[in-house]
Every structure is written in structure tokens, then in C-alpha cells.
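All the letters of the sequence shown, read from the start, carry residue numbers 25 to 173 under the working numbering.
Beta carbons: idealized from backbone N, C-alpha and C, even for Gly.
Each remark here refers to the structure printed beneath this line.
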Amino acid sequence: MRAVFSALSGALFGAGLLVSGMVDTVKVQGWLDVFGAWDPTLAFVMGGAILPMAIAWIVAERRKTSVLGTPIPAKPNQKLDTNLILGSAMFGAGWGLVGLCPGPALAASFLNGVSGLVFLVAMVAAMVATPALRRALTAIGDTAWTSAR
């Protein structure tokens, strides 16, 4: 049953991306081009996403388990830390350069031919490489801190 709901949710999400124009890189880059040919239509997409999510948060706070019986995870930590700030900056830079974030990129990868698939492969490679890079940078930082003492 969980697989069925996952497939339905993914299909609904993908359909929403297509209908809203979020898989069109020109439209997304137009939204990001505030000082040029700005296209404000994606503000309605974001507004349309915020309202149901706010309702979902209210419902989730009152429940211990989901409709399918799985536990609802605890509310995430809301502190600003280096990971959140750097991750947000990298996400925004990638979104601005390419005109797609991961969800629409997955949907667009099948619509944009070879260039969409190249982007998808590069995005997955970065996701796979990030944990190893983080461990390496942490080790370098620990070594630099130890030798500085």
C-alpha cells in the first residue's frame, strides 16, 4: 500500500510540476531574473504549495502515525547552522545557473532529451560524492586544528 501511495504522490507532484511550468528552465530563470525580464507567475506556484503544507503541518502535529500507520518523524531542528546556510547557498546557485531544482530536474530529465539526462547524472553524482567530500573536509579541519595547538 505504501508503494501505491508513493507512486500516486509522485505522479501528482510530477503533474503539478508540468502544469505549473516548473520544468521549463526559461520560465524558472525568468522568475529568478528580478532585475531583467522578471516573470512573477511562479510566485503563485509557491503560494499554492505553502497553503496545503501549512495545513499538513497542523494535522501532523496532532497525530502520532501517518494514514498508512508509519510513525510521523519529530519536527526538525530549526537552528541556523553552517550546513543549512551552505546547503541553501549551493542549492540556490545551482537553481539559478540551471533553472531547475531536484524535483523538476527529475521530471524534466525525461522531457529535455540528452541535456536533461546529463543534468540528472551530474546531480546524482554530486549527491553521491557529497558525503565523502564532507568526511574529507572534516578530517582536514580536524588535522589543521590539532596541528595548530
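Local Cβ density within 10 Å of A160, reported as buried at 16 or more and exposed below that: Reading the sequence shown from its first residue, position 136 is the one you call residue 160. By the neighbour-count rule (16 or more Cβ atoms within 10 Å), A160 is not buried but exposed.
Reference L66; option with closest CA among S44, F59, A84, I74: For the purposes of this step, residue 66 is identified with residue 42 of the sequence shown, where counting begins at 1. When only C-alpha atoms are compared, the closest one is S44.
Burial state of P100, where buried means 16 or more other Cβ atoms lie within 10 Å: The count along the sequence shown starts at 1 and reaches residue 100 at position 76. With fewer than 16 Cβ atoms within 10 Å of its Cβ, P100 is classed as exposed.
Sub-7 Å separation of G140 and A131 beta-carbons: As a first step, residue 140 must be located in the sequence shown, where it is residue number 116. As a first step, residue 131 must be located in the sequence shown, where it is residue number 107. Against a cut-off of 7 Å, the Cβ pair of A131 and G140 comes out as no contact.
Sheet register partners of P95 (DSSP bridge): As a position in the sequence shown, residue 95 is number 71, starting the count at 1. In the DSSP output, where bridge partners are listed per residue, P95 has T89.
Cβ-based burial, A129 [other Cβ within 10 Å; buried from 16]: As a first step, residue 129 is located in the sequence shown; it is residue number 105 there, counting from the start. That one is buried.
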